Structure formats: structure tokens, C-alpha cells
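Student: Take a look at this one; I'll ask things after.
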Amino acid sequence: MTDGKNDPATIPEGCHPIITVRHLKNAFGDQVIHENLDLTVCRGEILGVVGGSGTGKSVLLRSIIGLQTPESGEIEVLGENMVNRTEDEAKNIRRRWGILFQNGALFSTLTVAENVEVPIREYFPFIKPPLLDEIASYKIAMGGLPPEAGPKFPSELSGGMVKRAGLARALALDPELLFLDEPTAGLDPIAAAAFDQLILSLQQRLDLTVFLITHDLDTLHSICDRIAVLADQHVIAVGTIPELLALDHPWIQEYFNGPRGRAAAASYEHEVVA
Amino acid sequence: MAELNQQDEDQPHGSLYRVAGALTITRAATTQREIDALPDPVTIDLEEVDRMDTVGAWIIYRTVRDRGAKVINASRDEVSLLKQVGEFDKPTRVVPDEPHNFLTALRELGEWVAETGRTLVGLLGFFGATLIGFANVIRKPSRRFRVNAVVQRFDVVGVRALGIIGLMSFLIGIVIAQQGSVQLAQFGAEVYTINLIGRITVRELGTLMTAIMVAGRSGSAFAAQLGTMKITEEIDAMRTIGVSPIEALVIPRMIAAVIMMPLLAFWAMLTALIGGGIFVWLDLAIPPLTYIQRLNETIPLTDMWVGMIKAPVFGFIIALAGCFQGMLVQGNSEEVGTRTTTAVVQSIFLVIVLDAVFAVFFSSIGWT
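Those protein sequence lines, which keep their order, are chains C and H. Position one of the first sequence corresponds to residue 1 (this note's numbering), numbered consecutively onward. Position one of the second sequence corresponds to residue 1001 (this note's numbering), numbered consecutively onward.
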């Protein structure tokens, strides 16, 4: 990358890095997933991560949140080193983030409300049940779920409701940092748009930093501040959509200027003009 | 929400609660306790709060809502956060309704009876479906019979069980010989230990212990495998492609269990006899050749048939219960566990009941 501005290794001006990844290498046996990967996420932004299937978006997320130990490289989250740290150190960071897994990953034997209470109970066992239930109930409302969803079990929820319940659980501890793995995958366009708006409004209200993996071009256009493109085992560029389009990389062009990309861009422009 | 707006008169009235520093989830329990301890009317002074999160805001909000507290000296950010949490105040139910009384107990009993009835009917239906599946396979064996699947099941159910079943039976043979010789020694009849070992292992224990081991090893695996496939919608996918899950999944497992059970039972009998023989040789000084000769004289061939006829029936029961429970799985992953447990309990129970029926049957036809 000759253009320094969109080089993932440079930190943009006025950026307080919340996640810093440097020279990350991930490999499963002989299969190298990431090589020399750099990425910075700034405080208060919504960063979208895109890339073809199998480029290791989820592996990147798993390395950042410490579920996957990288071969080499440095990862810093909220000012703490994530590689080779003890369980106690990790616990302090885990309190400060929320994660929405791709399929919700709700605990299937607990109700939605109990799911939301799990992180609170774990870290703050002295909060009394009435207050705990009220906290769970406003978190559920924040996640955009109707009041009757609280006592339901995950198997009784629709796909969109599972994601909202997962989001409510991710928000349980008032995180500074929110990781979302394909939040709109599998939702109908109306639900997906509503979910995008929910994320945007929560991000603004709660002052969140959002790390978002997505394939949804509408999400990228409507809520992401910057987009990181993952290809050839590393982040090839970071920037806004116009900046990325100016880079003339074949995959980026294909991605944003393909039929779906154009349709999403058109609808977004239409919305902005109107 | 009017109370939440900044107050014009900053005169506190009633008890004053002044929060300093961070009003966050970290201090939620303490803050709530302190507020609860104050007498009404409460005034909350937020002047010295430097950080507030939604949980802190919620505690303030609910105090205002429930006790009519007054909030003073709130900054603009704090007021907006308080208003925001207020927007999410929808009375969400948290606990499912669970009235505990006599009627509930009665209803649960009724549901249990109905459920048991449904399970029996379902088992019968499943048995029928399997028979139809078998009929289809027999009608067009070249197309419907899945050789690879069956051979793979032979390996998993039979060959891989040889080690554990052999070891178990060997030890049981030793235990029977040891216990038998101690008791029979009281009559000076140690030599009859051989009769005891021979008849009990060949007629009863060889098959029964093998059935219990196969139920624990393979019956549970059948239920867990099919249950997982049910949850991941693999079985639905199979159906829509046009592959019958009964033919592709259930029948290979049944064939494997039915054919492998007698072979494993025979193997169990052999190793139990060897275990008993070694004990008899070492402890009672009866040489192996004499042992074999005595066995030959004391075990009637019908004992062998009794053991061998029971084995495939037990195998069928185990496979039926395992596959049936696996196919019943719905919903969440917890159910795979409960269904697997049920499969093992059911199959062992049915095996023992049938064993008793067989015992009566064989003695009434004169195979004693």
C-alpha cells in the first residue's frame, strides 16, 4: 500500500486506539490464515470488517478476544496486552467488552432474562435479585425485545430475537467495546435494517466502540465509520467506502461495485438525499 | 419524568444521599443498599458524580419512580442518561409462571401419564417404520442397502468393543470362580466351581453383561448421534433430498447391533470361561485340560443356545431404544443429554425384563 492514509499500520489522526493488532500471524498446521496483519480500532467508531469467505474474519475476532492464541504478533485491547496473559488479567478486560456471536450463543437452558443476568451475577454477586431482574429487564428492552421475551427460552425465539437477546447479554455490563459477528446475517431486510439502527443508536447513546464483522453491504453503508478489508492473509486497507474505492484494488472494486454493492450504494445515497 | 429535570431550588428536603465518584455497576449493590436504608423523602445529590453508567442511572431512576425521590445537581449528560434508561422501563417479565400447588402436581402427573402413553405409541410407530424400512431394503437390496454404513457400524459397535467387553468378562469370570469356590469349599465341593462358572456365564451373564455394555457404549452413541443430527437439521436435510433417515441411519445401526451382539456375547462367554479357568488353575490347582473336560461334561448345548438366542433380541432392543430416543430430540442441546440417558435406562431395563421372560420360557420348554 503506497497510500499511507489507508494503510492499516498507520493510526489515523485524533484516534485513541482501543484495539491494536500488530504483525499478527495465525496458522492451523500448514494453513496460514493471517500473516503480518495490522489493524487499529479507534475509540467511538464503528469499524466494519469485510472479506471473502475463508479469509479469517472470525479467526481475527477470536484472536482479539483471546479465544485463539496467535502464532506470533501483538494484540492490545483497551490498553492491555491480550497475548500470553493470565486468567485474572483477562477477567478485567472481559468485564469491559460485550460479544455477540454469530448464532447468538445463548445458554439454551436459561431464559433470556437469565442469560442477560449471567455476566452480572458472575462479576457482581452482591446485587439483590429484584434490582438484578430490573437491570435484566431494561437491558432486554434496550436490545429491542418485547417485554414478553424475558421468560422465554432461546429455542422459543425467532432468529432475529435470538440476535437481540444476544445483544442484550453483550450489553449487560455496560461495555466500552462491542464485538458483533455478522449481526444481520440470516435476518430479513426489515429486521436487518432495524438491527443496524439499533446498533447505531446504542453506539451513540452508550458511547460504544464497535467491531463489526459483516457481509451486509447495507450495514457497511449505513452505520460503519470505517471499513477494514481482509484479503491475502492481512488487512489490505482501512477507510471509508469512497476512500477504499479510490484504491483500485480488484477485490474491493468487485465487492463494492458488483451488482449488490451498487444497489446498496444507490439506496443509501437515495436515503441521504431524501 | 418531571422530577428528573434539574431542580430550581437546590434546597434538599428529607434525607440527602450524596454520591461521589463513579456511580456504576461496580458499586450498584452498595449504592442500592445505602439508598434502601434512607427514610423517605429522599433527595439524591449527583454533584460529585464523575462517571455514571446505565446501571447507576437505573438505580437513581427506580428510586425516583418507586419512592418519589428528588434528584439535584445532575449534569446534562446525567439527565439525558436518566431519561434514556427511563425509556427502556417496560415491565418485562423475567421468570416464567410456575404456580406450585396441588393442581400443578395433578397436571404434571397427567402429563407424565400422557407422555408415557405417547412414548409407547411412538415406539410402536417407530418399530413399524423400521420394519417398513427393512422391507424396502429387502425388496431392493442393491439400491437401498448401504453396505459401507453397515460395515462401519460393525466396526464401531463390534470390533472396537472387543477389548472392553473381553476385559470385563474376564474379570467377571474370575470373580464368579473366586466367590463360588469360597462358598462351595464349605461343603468340600470346590470342584463344582467349574459347573457354576460354565453354566452361569454361558447361559446368563455372558449375554446379559454384553448387552449392558453395548447399551452403555453403543445405545447411548446412537441416541446422541441421531439427536445431534436432529438439532443441526441434518435429518431434515436428508428427508428433503429424498434419503430416508430410517434406511440410512437407523437400519445400519440395527443390523450392526443385531449381528454384533451374539458375536460379542460369544466372545464374552469365552473370556469369562478363560478368566474362571485361570483362577481355578491357580487357586484350586485344577489344570486347564481337566477344566475344559469338565466344562464339556457340565454345559449342555442348550445353554449355549439360550445365550445365543437372547443376544440378537437384546441387540435389537438396544438399537431400537437408542435410535428412537435420538429421533425424538427436539429443540436444544440439553435434550440430547436427557434423551441419551433415557435411551440407556430404557434399553437396560427392557433387556433385563426380557431376560426374565426368556428364563421362564426356556425352562418351560425343558431347556434347564
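Note that CB positions come from ideal geometry on N, CA and C, so glycine has one too. Computed from a prediction, not measured in an experiment: that's the story for all the values here.
Evaluate contact between the segment 1177-1197 of chain H and the segment 1267-1276 of chain H, counting only Cβ atoms and requiring at least three cross-stretch pairs below 8 angstroms.
Tutor: Contact between the segment 1177-1197 of chain H and the segment 1267-1276 of chain H is present, because at least three Cβ pairs lie under 8 angstroms.
Student: Do you know how far the Cα of Ala194(C) is from the Cα of Val238(C)?
Tutor: Against the first sequence, residue 238(C) aligns to sequence position 238. Against the first sequence, residue 194(C) aligns to sequence position 194. Computed Cα separation, rounded: 26 angstroms.
Student: Please state whether the Cβ-Cβ distance between Ala141(C) and Val116(C) is less than 8 angstroms.
Tutor: Position 141 of the first sequence, counting from 1, holds the residue named residue 141(C). Position 116 of the first sequence, counting from 1, holds the residue named residue 116(C). Not closer than 8 angstroms, so no.
Student: Return no unless some Cβ of chain C is closer than 8 angstroms to the Cβ of Gly1021(H).
Tutor: Position 21 of the second sequence, counted from the start, is the residue given in the question as residue 1021(H). Cβ-Cβ to chain C under 8 angstroms: no for Gly1021(H).
Student: Is the distance from the Cβ of Leu106(C) to the Cβ of Gly166(C) below 8 angstroms?
Tutor: Residue numbering aside, residue 106(C) sits at position 106 when the first sequence is read from its first letter. Residue numbering aside, residue 166(C) sits at position 166 when the first sequence is read from its first letter. In contact: Leu106(C) and Gly166(C) (Cβ atoms closer than 8 angstroms).
Student: Report the rounded CA-to-CA distance for Ile223(C) versus Gly258(C), giving the unit in angstroms.
Tutor: Position 223 of the first sequence holds residue 223(C). Position 258 of the first sequence holds residue 258(C). Each residue's Cα considered, the two are about 20 angstroms apart.
Student: Pull the bridge partners of Val1079(H) from the DSSP assignment, please.
Tutor: Position 79 of the second sequence holds residue 1079(H). Paired residues: none, contrary to the question.
Student: Note down, in chain order, all residues in the segment 1030-1049 of chain H with a beta-carbon under 7 angstroms from any beta-carbon belonging to chain D.
Tutor: As a matter of chain content, chain D is missing from the structure shown, whose protein chains are C and H.
Student: For Ala270(C), which of helix, strand or coil comes out of DSSP?
Tutor: Locating residue 270(C) in the first sequence gives position 270, counting from the first residue. Just to set this straight, residue 270(C) is His in the shown sequence, not Ala. It is helical.
Student: Determine the burial state of Asn1296(H): buried for a count of at least 16 other Cβ atoms within 10 Å of its Cβ, exposed for fewer.
Tutor: As a first step, residue 1296(H) is located in the second sequence; it is residue number 296 there, counting from the start. It is exposed - the Cβ of Asn1296(H) has fewer than 16 other Cβ atoms within 10 Å.
Student: Rounded C-beta distance between Leu78(C) and Arg94(C)? I'm assuming under 8 angstroms.
Tutor: Position 78 of the first sequence holds residue 78(C). Position 94 of the first sequence holds residue 94(C). Not quite, the Cβ-Cβ distance comes to about 10 angstroms (not below 8 angstroms), so this is no contact.
Student: Quick check: is the beta carbon of Ala1237(H) nearer than 8 angstroms to any beta carbon in chain C?
Tutor: Walking along the second sequence from the start, residue 1237(H) turns up at place 237. Ala1237(H) does not count as touching chain C.
Student: Under 8 angstroms: do the segment 198-206 of chain C and the segment 17-32 of chain C share three or more Cβ pairs, one atom per stretch?
Tutor: Judged by Cβ distances under 8 angstroms, the segment 198-206 of chain C makes no contact with the segment 17-32 of chain C, as fewer than three pairs qualify.
Student: Let me check you understand the geometry: is the CB of Asn36(C) closer than 7 angstroms to at least one non-hydrogen atom of the ligand MN?
Tutor: Judged by which ligands are present, the structure shown has none, so any question about the ligand MN falls away.
Student: Buried or exposed: Arg1160(H), going by 16 or more other Cβ atoms within 10 Å of its Cβ?
Tutor: Within the second sequence, numbered from 1, the residue matching residue 1160(H) stands at position 160. Arg1160(H) comes out exposed.
Student: What separation, rounded to the nearest whole angstrom, lies between the Cα atoms of Leu1226(H) and Val1250(H)?
Tutor: As a first step, residue 1226(H) is located in the second sequence; it is residue number 226 there, counting from the start. As a first step, residue 1250(H) is located in the second sequence; it is residue number 250 there, counting from the start. Whole-angstrom Cα-Cα distance: 9 angstroms.
Student: Identify each residue in the segment 157-189 of chain C for which the Cβ-Cβ distance to at least one residue of chain H is less than 7 angstroms, and report them in chain order.
Tutor: So the close ones are Leu173, Asp174.
Student: Out of curiosity, what's the CA-to-CA distance linking Ser1015(H) and Leu1046(H)?
Tutor: For this step, residue 1015(H) is matched to residue 15 along the second sequence. For this step, residue 1046(H) is matched to residue 46 along the second sequence. Distance between the alpha carbons of Ser1015(H) and Leu1046(H) is about 14 angstroms.
Student: In this structure, what does DSSP give as the bridge partners for Pro17(C)?
Tutor: The sequence position of residue 17(C) within the first sequence is 17, counting from 1. Answer is Cys42(C), bridged to Pro17(C).
Student: What's the gap between the Cα of Ile1246(H) and the Cα of Asp1155(H)?
Tutor: As a first step, residue 1246(H) is located in the second sequence; it is residue number 246 there, counting from the start. As a first step, residue 1155(H) is located in the second sequence; it is residue number 155 there, counting from the start. Using only the alpha carbons, I get a separation of about 20 angstroms.
Student: Going by the DSSP bridge assignment, what does Arg1018(H) pair with across the sheet?
Tutor: Locating residue 1018(H) in the second sequence gives position 18, counting from the first residue. Asp1045(H).
Student: Of all the residues that make up the segment 1088-1120 of chain H, which are near chain C by a beta-carbon distance shorter than 7 angstroms?
Tutor: Answer set for the segment 1088-1120 of chain H: Phe1088, Asp1089, Lys1090, Pro1091, Thr1092, Arg1093, Val1094, Val1095, Pro1096.
Student: Please confirm whether Asp133(C) has its beta-carbon closer than 8 angstroms to some beta-carbon of chain H.
Tutor: For the purposes of this step, residue 133(C) is identified with residue 133 of the first sequence, where counting begins at 1. Interface residue, yes.
Student: Can you tell which of Ala113(C), Asp248(C), Ala172(C) has the C-alpha that lies nearest to the C-alpha of Pro146(C)?
Tutor: As a first step, residue 146(C) must be located in the first sequence, where it is residue number 146. If we check each option's Cα against that of Pro146(C), Ala113(C) comes out closest.
Student: May I ask you to list the residues that DSSP assigns as paired with Ala27(C)?
Tutor: Sequence index remark: in the first sequence, residue 27(C) carries index 27 (1-based). According to DSSP, which records beta bridges pairwise, Ala27(C) is partnered with Val32(C).
Student: With 8 angstroms as the limit, tell me which residues of the segment 1333-1357 of chain H have their beta carbon closer than that to any beta carbon of chain C; keep them in chain order.
Tutor: Result list: Ser1333, Glu1334.
Student: How many whole angstroms separate the CB atoms of Phe1316(H) and Ala1257(H), which I take to be in contact at a CB cut-off of 8 angstroms?
Tutor: One-based indexing of the second sequence puts residue 1316(H) at position 316. One-based indexing of the second sequence puts residue 1257(H) at position 257. Going by Cβ atoms, the distance from Phe1316(H) to Ala1257(H) rounds to 7 angstroms, so yes, they are a contact pair.
Student: Does the beta-carbon of Phe211(C) have 16 or more other beta-carbons within 10 angstroms, so that it is buried, or is it exposed?
Tutor: In the first sequence, counting from the first residue as 1, residue 211(C) sits at position 211. Buried is the call here.
Student: In chain H, which residues lie with their C-beta within 9 angstroms of the C-beta of Thr111(C)?
Tutor: Here residue 111(C) refers to the residue found at position 111 of the first sequence. Chain H residues near Thr111(C): Val1094, Val1095, Pro1096.
Student: Can you name the start and end residues of the beta strand (DSSP E) that Thr1370(H) belongs to?
Tutor: Nothing about residue 1370(H) can be reported from this structure: the residues present for chain H run from 1001 to 1368 only.
Student: Pick helix, strand or coil for Ala1285(H), following the three-state DSSP scheme.
Tutor: Here residue 1285(H) refers to the residue found at position 285 when the second sequence is read from its first residue. It is coil, neither helix nor strand.
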